[in-house]
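Below is one structure, written out as structure tokens, with a few remarks after it.
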Amino acid sequence: MNENYENYENYETSATPITKSNYAFGYVFLWMFFGILVTGGVAWLASASPLLTAIAWSWPALIISAIVQIVIALSLGKATLLKLNKPLAIGLYFAYAVLNGLTFGILFYMLDASELFAIFGITAGFFALMCIFSFVFKNALRQSSKFFMIGLVSLLIMSFISLIFWYSNTLLLAVSIIGLLVFGGLTAFDVRWIKDAMDHSDNPSGVAIYGAFHLYLDFINIFMYILRIYLLSNKD
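See below:
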């Protein structure tokens, strides 16, 4: 989520009672958890079928999946999502989670289940720490949207450069560490943004799905960067 914090006034029309806001805020993490659960479950099922994993990683499937995921991500954007009915928004969210799961099935061939669970646990702990950080430093985070946007753009540029110099483990490791820090910061910013938006929105359920999707993306990216750091650190 990289929209400026101030931009959410565009869709706020009335203040939501704090109790209702807190109730809806809890659903953000519930929906995020369900999305991660779906991705993990589909990945595990896909890993049981070498043929399915091979198909999921074929170039045609990867291209189609990428296009569909982009369309879903755009559909779950703030402006569009608030016009969608809730069942459709939820369906798109889980469709995205399923597509991710199909491509993640290959991870079970790369690492033992114990290693994957350990990486998942580290991811969950880091994510939780960033959520706590968002409440401790809430005022500072409200003014940090441009900083995180610059960090994300810089990360994209560095990731592109790392593709050119893919043989440099040091560069790949550096990009992975920076990526972890950037998405850690984005997680804290997103949590703070979602909470503030819910406190002033007349459509907290729409914000909940929108927020869950972005926190899901944050979690997945953190997981992938920690995974890359682990693989690069243990590479012979």
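For reference, each letter of the sequence shown is one residue, going 804 to 1039 in this note's numbering. Cβ atoms here follow ideal geometry from the backbone N, Cα and C, with glycine treated the same way. Values in this document were obtained by computation on a predicted structure and should not be read as measured data.
G954 sits buried, since 16 or more C-beta atoms from the chains shown fall within 10 Å of its C-beta.
Contact annotation: F992 and I1025 have beta-carbon atoms that are not nearer than 7 Å. Under the 10 Å beta carbon count, K889 is surrounded by fewer than 16 other beta carbons and is classified as exposed. Per DSSP, the continuous alpha helix (DSSP H) segment holding W996 begins and ends at N972 to D1002. Proximity to I960 across A931, F951 and V978 peaks at V978, based on C-alpha coordinates.
G904: member of the alpha helix (DSSP H) spanning K889 to F907, first to last residue.
Burial is judged here by how many other beta carbons sit within 10 angstroms of a residue's own beta carbon; S1004 has at least 16 and is buried. The beta carbons of V831 and A1015 sit closer together than 7 Å. The alpha-carbon of L976 is positioned some 25 Å away from that of C934. Sorting L919, G908 and V901 by C-alpha distance to the C-alpha of I1032 places L919 at the top.
The shortest CA-to-CA distance from M1027 to any of A849, T906, L879 and I858 is the one to T906.
CA-CA distance, F930 to W862, rounds to 32 Å. If you draw a 10 Å sphere on the C-beta of N903, you find 16 or more other C-beta atoms in it, and that means buried. Counting C-beta atoms within 10 angstroms of its own C-beta, P853 has fewer than 16 neighbours from the protein chains shown and is therefore classed as exposed. Taking the CA atoms as reference points, A892 sits about 11 Å from A1011. The residues A849, in chain order, have a CB closer than 6 Å to that of L855 in the same chain once the five nearest residues on each side in sequence are set aside. DSSP places L833 within a helical segment (H, G or I) once states are collapsed to three.
Annotated three-state conformation of L879 is coil, per DSSP.
In the three-state scheme derived from DSSP, where H, G and I count as helix and E and B as strand, F963 is classed as helix. In this structure, V841 sits near A900, with a CB-CB distance shorter than 7 Å.
With 16 or more neighbouring CB atoms inside 10 Å of its own CB, V845 falls in the buried class.
For N1024, the enclosing alpha helix (DSSP H) begins and ends at P1007 to S1036.
In this structure, DSSP gives L914 a state outside helix and strand, which the three-state scheme calls coil. For A927, the closest alpha carbon among the candidates L1034, V956 and F1022 is that of F1022.
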